[in-house]
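Just so you know, the sequence shown maps onto residues 6 to 74 in the numbering used here. Note that the Cβ used here is the ideal one computed from N, Cα and C, for glycine as well. As the structure is a prediction and not an experimental result, all values here were calculated from the model.
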Amino acid sequence: MAKILRDYEVYLVYVDPDRCDSCEDCVKYCPVEVFEMPHKAIPVRPNHCLGCLTCTAVCKSDAIIITEI
Ligand code: SF4
Ligand code: SF4
């Protein structure tokens, strides 16, 4: 079944650039491709976020904060 992706935000996705060590784990493990990795992780598609918290679990730097809006 195709994923249904929203065009509005339900979760605020924040990455602290001072903590991010550019390991790319959030890019690899987010199931809906919220993050891209030009240099530090950037949440380019926060409207896709499902609030699953996989990114916060895999981020060893505790750089990601997910907040329900
Ligand atoms: S998992 Fe954390 S440290 Fe790694 S790229 Fe993502 S935000 Fe940065
Ligand atoms: S909470 Fe889940 S869906 Fe949202 S950015 Fe993190 S890994 Fe992706």
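Beta-carbon contacts of residue i that lie in its chain and below 6 Å, excluding the five residues immediately before and after
i     : result
Cys60 : Cys31, Cys35 and Ile69
Residues bridged to residue i [DSSP beta-bridge criterion]
i     : result
Ile70 : Tyr19
Glu41 : Ile47
Same chain only: Cβ atoms within 8 Å of residue i, ignoring 5 sequence neighbours per side
i     : result
Ala62 : none
Cβ-based burial, residue i [other Cβ within 10 Å; buried from 16]
i     : result
Tyr19 : exposed
Ile74 : exposed
Pro43 : exposed
Val39 : buried
Pro22 : exposed
Tyr16 : buried
Residue i Cβ short of 7 Å to ligand 3 heavy atom set
i     : result
Val63 : No copy of ligand 3 appears in this structure; the ligands present are ligand 1 and ligand 2.
Beta-carbon separation (whole angstroms), residue i vs residue j, contact threshold 8 Å
i     : j     : result
Lys45 : Ser66 : The pair is not a contact, with the Cβ atoms about 10 Å apart (cut-off 8 Å).
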